[in-house]
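Top line first, the protein sequences correspond to chains F and Y. Here UniProt numbering is used: position 57 in the first sequence is 57, and no number is missing along the way. Here UniProt numbering is used: position 13 in the second sequence is 13, and no number is missing along the way. Even glycine gets a Cβ: it sits at the ideal position worked out from N, Cα and C. The structure presented is a predicted model; accordingly, all values stated were derived computationally and were not measured. Worksheet for the structure shown next.
Number of protein chains: 2
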Amino acid sequence: MGEIAEKGIRAKAASYQMVNVSTIEKNEALAMIAKQLIAEQSYIMMENKKDLEVGSENGLTTAVLDRIMLDEKRIMAMAEAIQLLIELPDPIGETLETIEKENGLLIKKERVPLGVIGMIYEARPNVTIDAATLSLKTGNAVILRGSSSAQHSNQAIIKVIHQALKNTKLPVDAVQLIEDTSRETAKELFHASEYLDVLIPRGSKNLIDTVVRESTVPVLETGAGNCHIYLDESADFAMATEIIVNAKTQRPSVCNAVESLVIQEKWLELHGKELLKLLHDTGIRLFGDNKVLAHYPEVNQATEADWSTEYLDLSLSVKTVANVLEAVQHINTYGTKHSEAILTNDKVAAKFFLTNVDAAAVYHNASTRFTDGFEFGYGAEIGISTQKLHARGPMGLPALTSTKYFIYGQGQIRS
Amino acid sequence: MGEIAEKGIRAKAASYQMVNVSTIEKNEALAMIAKQLIAEQSYIMMENKKDLEVGSENGLTTAVLDRIMLDEKRIMAMAEAIQLLIELPDPIGETLETIEKENGLLIKKERVPLGVIGMIYEARPNVTIDAATLSLKTGNAVILRGSSSAQHSNQAIIKVIHQALKNTKLPVDAVQLIEDTSRETAKELFHASEYLDVLIPRGSKNLIDTVVRESTVPVLETGAGNCHIYLDESADFAMATEIIVNAKTQRPSVCNAVESLVIQEKWLELHGKELLKLLHDTGIRLFGDNKVLAHYPEVNQATEADWSTEYLDLSLSVKTVANVLEAVQHINTYGTKHSEAILTNDKVAAKFFLTNVDAAAVYHNASTRFTDGFEFGYGAEIGISTQKLHARGPMGLPALTSTKYFIYGQGQIRS
């Protein structure tokens, strides 16, 4: 029996035990994990150092090495995140619907765990602890399949989790790490419907696209963000500059950063030069269409590819449109259905934009950077979904649950 | 450009128009469709007759021909179902969450249409009208791909829908039928992520399995029902016989009919012979394990395959277990996560069963036949989901919706 089948069977069995554990038992287990992480931080850092050394030898970039690196501060942050998770309400058991039928049947729709979650992710050991603790809080078992570049760190974290779980009411098999990080085990997970109820890819667009294309297990998709800000004719200049600079520069590498400006042509006439100069002086590289170029010489000529590009750096494309309808059409053509904003004082235009743009989050007069589980007050986040089924936008704990109908009778039959 | 791409582009454009139509406009369009169906019933029956003739020549079974057949009564039933759909509340625009942030941001999570629904189904012209009208009520566009055996009927129904929509505020392109019913167009739909937001297969297990395996478009899965009734030690004999006969014989061909009995061994000792004789005399073919066989000679020896079989006829497998734990393990091993019942007077056993059996609907002392959108009071049903993401169990109108976050600000930026 291969590793996936062996661990799959144990995870399935653990998931059946997890439906019987209480909120208190789950929170006690999470507290034990947080405690053990701190107690074993030297061990974790020692193992992490092995990943960093191998990574250096293999020529990983400084950015990737930084994502892998664990120090006391980062391990403390993990433990603190677990403490916040403990304080969050438990979604399991929540009654979503109650139906009483004339024949006396009582039907209750309640939140239940999904079962076994499969998680495929890149070289970020923090995802190991995040995915494990979010899965346990929602009563799920989880099978983790990380990157070989972080495998020592992941193994150390899993060892610590298992040590912690041994003294709790939760089954140790509820959290398992795939040891074999070859391409084969990823492929096996794509087809492990027998053991997995859902597969969640976290990482690059390439990873996510592969999972969506190949997996027969249902996928919870967290996608890319080619986010736009549309400056309508009546957009306030001061608000526009502040929001654009925030949405582009505050953290350019994240999915809710803005990648493209769409500007109504009269607004461009009036404020274009001043805005473009200001953005350029802030260090933003601009790629514009011909009308934009005419207003400021430091703008580069945009190509068709620029409208679809999620730069994830200090680049920004700039497109001119005649009106809000053209803006909506442009965004629905090139956007990734993540976060889209209109800046305007015109309520009719705002309503039209918010209704007609097809995206998880649509903004009137605010920065796209707010699309985030913590900003929305969910306390925890598994990712931001750009798909339309199950969960859309920032996913809090309920995204890791399913529902079940409980029907209570006294012998009712169907007539 | 192929038919899928051409109709896909038009459906996408129609879906963007659909977000602006009101509940009144949608209901007016549905009323027009109902009216036009009645007005054109002779034409529909004439075209339906062509399918029946070709089907007869091709040797389709009487059961399949009956599913294809449309008469005045069935067309009237379609029109009446549309009338009921009109009366249902519109889920679109419903506010599911309201979050007010300290910085003044107002976040609203509202129900929105999915966009474009793809529907692949077998020879049932009633699905054409069902899928079209449910999609329109929920603000979606739909691309229908039916069976060649019902293609004349489907084309007639689509023509009638288009006639009706011409005089409404809804785009005619919101409902489209694929003319080419070759295997190729089905395969193209599996990968039409550019145009489709979701793909719903309706029909045989084989069809659904193919779609789940091959589709890269997210799938709403309606699965098979290998449903069990477990007779616990304290199950009431009279209630047990009434519920089993109902769940098996009232409509054996449907997914919520019972396919397997699981009997606690002491109950079998006391009541087995009487129950088995009664079921046999009702015309039910029984397949049991050795302990069951020992109680009644007319029981056939069950094979391993029987425990996994959804008979969809008057057959029933019968399995002996020592206790409720063994019953749960048997059901979680062989069930299809559809509808599972325990009959008992023991509240502890009932709670254990309901919590630990992994299924969309779990019953205490009632027939499994109630798992149905109409029985649950949803007024309409797209199918019964056996998957855990998005929708589980009977799917009413909300299953055909997604959500969207609307964020209203006054210039807020992220700090």
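is_contact[residue i, chain F] using C-beta, thresh 7 Å
i: A366 (chain Y); result: yes
i: R10 (chain Y); result: no
i: D197 (chain Y); result: yes
i: L114 (chain Y); result: yes
8 Å Cβ cut-off: residues of chain Y touching residue i
i: S402 (chain F); result: K388, L389 and R392
i: N246 (chain F); result: I413 and R414
i: Q250 (chain F); result: I413 and R414
Environment of residue i [buried if 16+ CB atoms lie within 10 Å]
i: I44 (chain F); result: buried
i: S260 (chain F); result: buried
i: E47 (chain F); result: buried
i: T344 (chain Y); result: buried
i: N206 (chain Y); result: exposed
i: S339 (chain Y); result: buried
i: D66 (chain F); result: exposed
i: Q301 (chain Y); result: exposed
i: N140 (chain Y); result: buried
i: D281 (chain F); result: exposed
i: G93 (chain F); result: exposed
i: G223 (chain Y); result: buried
i: G383 (chain Y); result: buried
i: L96 (chain F); result: exposed
Within chain Y, the residues that residue i reaches when beta carbons sit closer than 7 Å
i: R369 (chain F); result: R414
i: G409 (chain F); result: Y363, H364, N365 and A366
i: L270 (chain F); result: Correct list: empty, because the minimum Cβ distance to chain Y is about 19 Å.
Cα-Cα separation between residue i and residue j, rounded to whole angstroms
i: V254 (chain F); j: T336 (chain F); result: 14 Å
i: H390 (chain Y); j: T138 (chain Y); result: 16 Å
i: I208 (chain Y); j: T355 (chain F); result: 34 Å
i: L165 (chain Y); j: G272 (chain F); result: 44 Å
i: T61 (chain F); j: K50 (chain F); result: 16 Å
i: A294 (chain Y); j: T241 (chain Y); result: 20 Å
i: E80 (chain F); j: A34 (chain F); result: 8 Å
i: A31 (chain F); j: Q83 (chain F); result: 7 Å
i: A63 (chain F); j: G409 (chain F); result: 59 Å
i: Y311 (chain Y); j: L231 (chain Y); result: 20 Å
i: residue 424 (chain F); j: V160 (chain F); result: A query on residue 424 (chain F) cannot be resolved here, the shown segment of chain F reaching from 1 to 415 and no further.
i: F374 (chain Y); j: P252 (chain Y); result: 18 Å
i: N103 (chain Y); j: L278 (chain F); result: 26 Å
i: A399 (chain F); j: L134 (chain F); result: 10 Å
i: A5 (chain Y); j: V362 (chain Y); result: 43 Å
i: G283 (chain Y); j: Q176 (chain F); result: 49 Å
i: D372 (chain F); j: G396 (chain F); result: 10 Å
i: P394 (chain F); j: K388 (chain F); result: 12 Å
i: H191 (chain F); j: G59 (chain F); result: 33 Å
i: E269 (chain Y); j: I229 (chain Y); result: 18 Å
i: C376 (chain Y); j: F370 (chain Y); result: Residue identity differs from the one stated: residue 376 (chain Y) is Phe in this sequence, not Cys. Their Cα atoms are separated by approximately 8 Å.
Beta-carbon neighbours of residue i, restricted to chain F and to distances below 7 Å
i: T355 (chain Y); result: V19 and N20
i: A360 (chain Y); result: K404 and Y405
i: T216 (chain Y); result: V212 and R213
Minimum Cβ-Cβ distance from residue i to chain Y less than 7 Å
i: Y121 (chain F); result: no
i: G203 (chain F); result: no
i: V163 (chain F); result: As written in the sequence, residue 163 (chain F) is Gln, which differs from the Val given in the question. No, because no Cβ of chain Y sits closer than 7 Å to the Cβ of Q163 (chain F).
i: I243 (chain F); result: yes
i: M239 (chain F); result: yes
Within chain F, the residues that residue i reaches when beta carbons sit closer than 9 Å
i: Y16 (chain Y); result: V328, Q329, N332, N356 and D358
Per DSSP, cross-strand counterpart(s) of residue i
i: A366 (chain F); result: Y:Q412
i: N323 (chain F); result: In the DSSP output, where bridge partners are listed per residue, N323 (chain F) has none listed.
i: K383 (chain F); result: It is worth fixing the name first, because residue 383 (chain F) is Gly in this sequence and not Lys. Beta-bridge pairing links G383 (chain F) to F:M395.
i: P113 (chain F); result: F:T401
i: S315 (chain F); result: F:R285
i: F406 (chain F); result: F:K108 and Y:V362
i: L261 (chain F); result: F:I229 and F:V318
i: R202 (chain Y); result: Y:Y121
i: S339 (chain F); result: F:A361
Within chain F, the residues that residue i reaches when beta carbons sit closer than 8 Å
i: F376 (chain Y); result: I99, I107 and Y405
Within-7 Å CB hit, residue i to chain C
i: I68 (chain F); result: The displayed structure is made up of protein chains F and Y, and chain C is not among them.
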